[in-house]
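First up is the structure itself, then whatever we jot down about it.
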Amino acid sequence: MIFGDLTDKVEKQAKELAGPAKERKLRALAALREVADEDPKPLKIALPALLEALGDGSGDVRSGAATLLNHLAKTRSSLRKEIVRGVLCALGGYGEHTGEALDLLGRHASTTGGEFEQHLPALAGLLESGDAKTREAATELLERLGVPARKYCAGLAEATAVVEEAVRCGADGEKAGYMLKAARTAMSKGFYTEVDKDLELARELANHGRRLVRVWRVDAPDVRAVDISAGARFVVAGCGDRKVRLVDRSGTASWTAAIPEGVRAVAVSPDETLVLAAGGDGNLHCFNRRGDRLWTFRMGAPASSLAVTEGNVTLACAADNNIYAIGPGGAMVSKHWTEKPGWRLGVSGEGDHAVVSFRDHNIYCYDRNLFLRWKSMGGIWNDVCISRDGETVVGGTQGCEVAQFSKIGMAAWKARSDEPVTDVAVSAGGECVYFADPHNLYSYNRAGRPMVRYRTTDPVLSLSCDASGEHFAVGLHDRFVLMRNLERVRQRASQSGVVLENTQRLGVDVSGPAALLERATAAFEANDYESGSNAASEAWQLLETAKNQRAEALVASVQQVIAAAKAVGADTAKSELLVKNAAESLRRGHMDRVLLLLGQSREEAEISRRVREEMQKAEAEQRAQNLRKAIQEAIDGTDEAVESGIDPGHPEVLLQKAISAADSGDHERAMLHLGQLHDHVKAEKEKLPGRIQKAFSEALAVLAKPDFKAEEAERARMQLSSAIVYYEKAGELGRLAEAYERLGFLEERRGKIPYSKFLYQKAVNTYFKIGEIDQVLMLLVERMKRLEAITDKKVGEFTIEELFLIYRDGRLVHHNTRRLRPEVDNQVLGGMLIAIQHFVGDSFRGKDRVKGEILNELRYGKTRIIIEGGSWVHLALVISGHEPEEMRERMRKVISDIEDKYRSTLETWDGDASKLWGAKKMVEPLITWM
168 MIFGDLTDKV EKQAKELAGP AKERKLRALA ALREVADEDP KPLKIALPAL
218 LEALGDGSGD VRSGAATLLN HLAKTRSSLR KEIVRGVLCA LGGYGEHTGE
268 ALDLLGRHAS TTGGEFEQHL PALAGLLESG DAKTREAATE LLERLGVPAR
318 KYCAGLAEAT AVVEEAVRCG ADGEKAGYML KAARTAMSKG FYTEVDKDLE
368 LARELANHGR RLVRVWRVDA PDVRAVDISA GARFVVAGCG DRKVRLVDRS
418 GTASWTAAIP EGVRAVAVSP DETLVLAAGG DGNLHCFNRR GDRLWTFRMG
468 APASSLAVTE GNVTLACAAD NNIYAIGPGG AMVSKHWTEK PGWRLGVSGE
518 GDHAVVSFRD HNIYCYDRNL FLRWKSMGGI WNDVCISRDG ETVVGGTQGC
568 EVAQFSKIGM AAWKARSDEP VTDVAVSAGG ECVYFADPHN LYSYNRAGRP
618 MVRYRTTDPV LSLSCDASGE HFAVGLHDRF VLMRNLERVR QRASQSGVVL
668 ENTQRLGVDV SGPAALLERA TAAFEANDYE SGSNAASEAW QLLETAKNQR
718 AEALVASVQQ VIAAAKAVGA DTAKSELLVK NAAESLRRGH MDRVLLLLGQ
768 SREEAEISRR VREEMQKAEA EQRAQNLRKA IQEAIDGTDE AVESGIDPGH
818 PEVLLQKAIS AADSGDHERA MLHLGQLHDH VKAEKEKLPG RIQKAFSEAL
868 AVLAKPDFKA EEAERARMQL SSAIVYYEKA GELGRLAEAY ERLGFLEERR
918 GKIPYSKFLY QKAVNTYFKI GEIDQVLMLL VERMKRLEAI TDKKVGEFTI
968 EELFLIYRDG RLVHHNTRRL RPEVDNQVLG GMLIAIQHFV GDSFRGKDRV
1018 KGEILNELRY GKTRIIIEGG SWVHLALVIS GHEPEEMRER MRKVISDIED
1068 KYRSTLETWD GDASKLWGAK KMVEPLITWM
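Its first residue numbered 168, the sequence shown is counted upward by one per residue in the numbering used here.
Shown next as structure tokens:
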């Protein structure tokens, strides 16, 4: 067949191939194959139809077209490049039917490689095809062309899986997804080196996104100042619209306040009660958490940075080269001038360390009085901060460097940022460090190892973290956000063994939190940060609750000890300060220190209480001793007054009241009664001279009678005895001698001859002293001589030498004697008393009874002792001479009177003789009775 006929045939079959009917297409392909076998050259005009057939919906048509094109490419080198070029150009229109086209291209890639360069994006696009055969064919073709398609596909699949898993775990996958798209774009454009970078960055963003979770965002303009409260309960932002905003942890705006001339700096007090904002007008504004403006302090210029101590003292770096310290009430505490204006500052919790950057080449560290401690050179420091515990200082420079220092200025580590550092922050204990450059956020641990890096689409204007380092706030040009660092949560969970151990030392059951922390650790190891963080947070909440409850119980027990110490008047200031310090250590998580401080507080309180109780005991003993001394002095004074002749009735009542008050511990009432007793005795003694004179006259009137009754004689005896005591003490010897004489005469008439002779002798001696010789002679010649003539010696020889009043258990209540011989051997008297006590102890307890009667007489050497006993007391008389018949009756009467008067005292007598003071007055008449 001639060439023209072949051409006509090819054109006709090409038209059939472009038609809709499948059977006609297959017949056309068969006819074209016949022409190709005869002469391939005319088929050039059928190439467009054949290329279109490669994307036909029928597999038979596509296969036939591919077979024919492959045959033409092999047999006609002049058509090979044209066929390859045409397939590449039409590749994008084949859709899902690219398998035959790719197979065809693969067969001739080695001989027509140059034709592929401009069509690589289309080939790379096939790698995203939903058909596995198409992806594999495209991959194979690209590999033949020297493109690392398999590596790209594997990397893309891995990165996509990482991003999807991160999103499933709660991460924000927007930035990672953007980088996946960028990797595809780079691949399609042939920027193969950028592909690996974009995929790596996508994985990094996804992983970091899993560790950095955005809690909320609030839209606001130019947030150049931001601060987060210590417990992450709220965030304060100073915005470009001249307003301060407070947003709580849930993302709810609590309040907004206008600040004139814009907001330069903000700060939150460590106890989360105060919010500070420095305005461009040079004023420092203080708000409470509700947004109420508490006070405003006027500085010399606007402040660029604020920091607050735990005592709520605010430090402010102002543009007038001053660092101001303002107290919690808004009054200036101090002001420190510097050579240049401070740019950024930070302060430790206790305020003993303050760090300042002046944007020169040094960080400056000051003490609480703003005296320089140290400085460190390192570049232009854009920002500086210090941990609450004062142990960690962090600064960021214009030269893309961050450095950490100890509190004494020793460099710990350094790190690099991509761009100049704009802001730095550090957790309360220095465990976590944050810093930012315009497009990145970085998180490092205490040792200087990176934890998280986070890329931002907008420049970071401000940065702040909470006390734990788990939450941080970021200010951007159109918003501020609260982020949660789950890597910090993981870090805290990995270090929870120490926390569990410390909490367990408080006596807390930690089995529940321990199980939760184990679950959290397992989740973190599986990269499930969401589950791990939730379990860890629940564990810490349980630990915190249990720890606080136990600590409160311990504090309460210590406060009980303090209250007990305070109740006795002890100084508990030191103990209370230790409890306060323990509460602060508890807040910081220092369990060992909590236990130590509480133990010290308890010990201090107990020591203070014991010391105070000992002092009170000593004071009480001293008061009791002084009271006993006062009572004894009162007894002695009352004895003297009674002996002088005053009535003992009312003094005894007052004395007993004083003794009873002393026994009950009522020192004041006892002293009151003693004072009353003193006043009464004093008043009675002033009246005594007249009473004595009157009594003396009455006694003389009785003696003038030729006969008198026994009662009159006894009353006269007592009156004359009182006069003797009074005149002897008053030194009135003449009246004293007369009283002796009159009493001797009375006793003579009563038949008590020995005692009468004794009294006459006393009168003689006294008259002799004052020179009354006539009276001496009269007594010696008339009276005493007459007594010698009396023959009734049986009566006259009886005398009571000693008197013992003894309690029923043998204790001595009172002893009296009428002997005037002080040289008597006290050992003899002591031996006599012991004999009487043994006798009383044996005889009156029923041991020595004769025919039912109690033995009531004792011989001690040549001495005779007669004894009578009652229910509570016994009376023993040491006598000489013949015992009168009525002696025993008188003794029993005295015992009965004593027991009737002092029954209640005798029932519980403690050995204090002063409580039975009146008893001795009741027994003394027996001494002079005979």
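Ideal Cβ positions, reconstructed from N, Cα and C, are used throughout, including at glycine.
Quantities reported herein were computed from a predicted structural model and do not represent experimental measurements.
Who does Glu341 pair with in a DSSP beta bridge? As a first step, residue 341 is located in the sequence shown; it is residue number 174 there, counting from the start. DSSP, once it has assigned bridges, lists no residue as partnering Glu341.
Per DSSP, what kind of secondary structure is Met1089 in: helix, strand or coil? The residue given as residue 1089 occupies position 922 in the sequence shown. Met1089 falls in the helix class under three-state DSSP.
Is Val991 helix, strand or coil when you go by DSSP? Start at 1 with the first residue of the sequence shown, and residue 991 comes out as number 824. Per-residue confidence for Val991 stands at a pLDDT of 47, beneath the threshold of 50, marking its modelled position as unreliable; the derived number appears in the next sentence. Coil at Val991, not helix or strand.
Whose CA, out of Asp534, Arg646, Val393, Leu839, lies closest to the CA of Val442? Translated into positions along the sequence shown, residue 442 becomes position 275. Nearest option by C-alpha distance: Val393.
Close Cβ partners of Trp548 (< 6 Å) along its chain, the five nearest in sequence each way excluded: Translated into the one-based positions of the sequence shown, residue 548 becomes position 381. So the qualifying residues of the chain are Ser524, Ile530, Gly562, Thr564.
Taking all protein chains shown into account, do 16 or more other C-beta atoms lie within 10 angstroms of the C-beta of Thr1110, making it buried, or fewer, making it exposed? Residue coverage of the chain in this structure runs from 168 to 1097, which leaves residue 1110 outside it and unanswerable.
Going by alpha carbons, who is nearest to Ser724 out of Leu913, Glu773, Asp846? As a working note, residue 724 is residue 557 in the sequence shown. Of the candidates Leu913, Glu773, Asp846, the one whose C-alpha sits nearest the C-alpha of Ser724 is Glu773.
Taking C-alpha atoms, which residue in Ser888, Ala731, Gly1037 lies nearest to Glu771? By one-based count along the sequence shown, residue 771 stands at place 604. Among Ser888, Ala731, Gly1037, the Cα nearest to that of Glu771 belongs to Ala731.
Just list the beta strand (DSSP E) runs in the region 452–530, keeping only unbroken ones of 3 residues or longer that don't cross its boundaries, in chain order. 460–465, 470–475, 481–485, 489–493, 499–504, 511–514, 521–524
Span of the alpha helix (DSSP H), counted from its first residue to its last, around Pro617: As a working note, residue 617 is residue 450 in the sequence shown. Pro617 -> not in any alpha helix (DSSP H); beta strand (DSSP E) instead, spanning 617–622.
Among the residues of its own chain, which have a CB less than 6 Å from the CB of Ile493, if the five just before and after it don't count? As a first step, residue 493 is located in the sequence shown; it is residue number 326 there, counting from the start. Phe464, Thr481, Met499, listed in sequence order.
Contact set for Val1017: own chain, Cβ-Cβ below 7 Å, skip 5 residues either direction: Here residue 1017 refers to the residue found at position 850 of the sequence shown. Per-residue confidence for Val1017 stands at a pLDDT of 42, beneath the threshold of 50, marking its modelled position as unreliable; no derived number is given.
Beta strand (DSSP E) containing Leu628: first to last residue? Sequence index remark: in the sequence shown, residue 628 carries index 461 (1-based). No beta strand (DSSP E) contains Leu628, which DSSP labels as neither H nor E.
Use the C-beta contact count for Arg657: other C-beta atoms within 10 angstroms, 16 or more gives buried, fewer gives exposed. One-based indexing of the sequence shown puts residue 657 at position 490. When all chains shown are included, Arg657 counts as buried.
Any idea if Trp510 is buried or exposed, counting beta-carbon neighbours within 10 angstroms, 16 or more meaning buried? On the sequence shown, position 343 is the one that residue 510 refers to. Under this definition Trp510 is a buried residue.
Whole angstroms is fine: what's the gap from Ala213's alpha carbon to Lys192's? Along the sequence shown, read from residue 1 onward, the residue named residue 213 stands at position 46. Along the sequence shown, read from residue 1 onward, the residue named residue 192 stands at position 25. Straight-line Cα distance between these residues: approximately 13 Å.
Reducing DSSP to helix, strand and coil, say where Ala732 ends up. The sequence position of residue 732 within the sequence shown is 565, counting from 1. Three-state DSSP puts Ala732 in a helix.
How long is the line joining the alpha carbons of Arg651 and Trp422, rounded to whole angstroms? Position 484 of the sequence shown, counted from the first residue, corresponds to residue 651. Position 255 of the sequence shown, counted from the first residue, corresponds to residue 422. If I take the Cα positions, the gap works out to 23 Å.
C-alpha distance - Ala1105 paired with Arg884, whole-angstrom precision: Nothing about residue 1105 can be read from this structure; the chain reaches only from 168 to 1097.
Less than 8 Å between the CB atoms is what I'm expecting for Val809 and Lys1088, so what's the real figure, rounded? On the sequence shown, position 642 is the one that residue 809 refers to. On the sequence shown, position 921 is the one that residue 1088 refers to. Contact flag correct, Cβ pair sits at about 7 Å.
Chain-order list of residues whose beta-carbon lies under 6 Å from that of Met544 (same chain, five-residue window excluded): Here residue 544 refers to the residue found at position 377 when the sequence shown is read from its first residue. Cβ neighbours of Met544 beyond the five flanking positions: His528, Asn529.
When you compare each of Leu628, Arg769, Glu428 to Leu643 by their alpha carbons, which one comes out closest? Residue numbering aside, residue 643 sits at position 476 when the sequence shown is read from its first letter. Among Leu628, Arg769, Glu428, the Cα nearest to that of Leu643 belongs to Leu628.
Please list, in chain order, all residues of the same chain as Thr174 whose beta carbon is under 6 Å from its beta carbon, the five residues on each side excluded. Numbered from 1 along the sequence shown, position 7 holds the residue referred to as residue 174. Contacts found: Pro209.
CA-CA distance, Lys929 and Val1090? As a first step, residue 929 must be located in the sequence shown, where it is residue number 762. As a first step, residue 1090 must be located in the sequence shown, where it is residue number 923. Taking the straight line from one Cα to the other gives about 24 Å.
I think Tyr601 touches Phe639, with their Cβ atoms under 8 Å apart; what is that distance to the nearest whole Å? For the purposes of this step, residue 601 is taken as the residue at position 434 of the sequence shown. For the purposes of this step, residue 639 is taken as the residue at position 472 of the sequence shown. That belief holds up - the Cβ atoms of Tyr601 and Phe639 are roughly 6 Å apart, short of 8 Å.
CA nearest to the CA of Thr623, picked from Val362, Asp633, Phe647: Residue mapping note: residue 623 aligns to position 456 of the sequence shown, counting from 1. For Thr623, the nearest C-alpha among the options comes from Phe647.
For Leu608 and Ser230, what's the separation of their Cα atoms in angstroms? To locate residue 608, count along the sequence shown from 1; it is residue 441. To locate residue 230, count along the sequence shown from 1; it is residue 63. Rounded to the nearest angstrom, the two C-alpha atoms are 56 Å apart.
Rounded C-alpha distance that separates Glu1020 from Phe971: On the sequence shown, residue 1020 is found 853 positions in, with the first residue counted as 1. On the sequence shown, residue 971 is found 804 positions in, with the first residue counted as 1. Bear in mind that a pLDDT of 47 at Glu1020, under 50, signals an unreliable position, so the number given afterwards is only what the model happens to contain. Rounded to the nearest angstrom, the two C-alpha atoms are 22 Å apart.
Helix, strand or coil for Trp1084 per DSSP? As a working mapping, residue 1084 is identified with position 917 in the sequence shown. Correct three-state label for Trp1084: helix.
Taking Gln662 as part of the beta strand (DSSP E), name the residues at either end of that continuous run. Stepping through the sequence shown from its first residue, residue 662 is reached at position 495. Where Gln662 is concerned, there is no enclosing beta strand (DSSP E), given that its DSSP letter is neither H nor E.
Determine which residues share a DSSP beta bridge with Ser610 and list them. Indexing the sequence shown from 1 puts residue 610 at position 443. The partner list for Ser610 (beta bridge, DSSP) reads Tyr601, Val619.
Which one or two residues does DSSP pair with Arg582 in a beta bridge? Stepping through the sequence shown from its first residue, residue 582 is reached at position 415. Reading the sequence as shown, one finds Ala at residue 582 and not Arg. Partner(s): Val569.
Which residue from Gln799, Lys861, Ile490 puts its Cα closest to that of Ala837? Within the sequence shown, residue 837 is the residue found at index 670, counting from 1. Out of Gln799, Lys861, Ile490, Gln799 has the C-alpha closest to the C-alpha of Ala837.
Beta-carbon proximity list for Arg769, same chain, < 7 Å, skipping 5 on both sides: Looking up residue 769 in the sequence shown gives position 602. The answer, listed in chain order, is Val725, Val728.
Straight-line CA distance for Leu366 to Glu439? The count along the sequence shown starts at 1 and reaches residue 366 at position 199. The count along the sequence shown starts at 1 and reaches residue 439 at position 272. One C-alpha to the other measures close to 43 Å.
Sort Arg616, Ala614, Val641 by Cα distance to Asp590 and report the nearest one. Looking up residue 590 in the sequence shown gives position 423. The shortest Cα separation from Asp590 among Arg616, Ala614, Val641 belongs to Val641.
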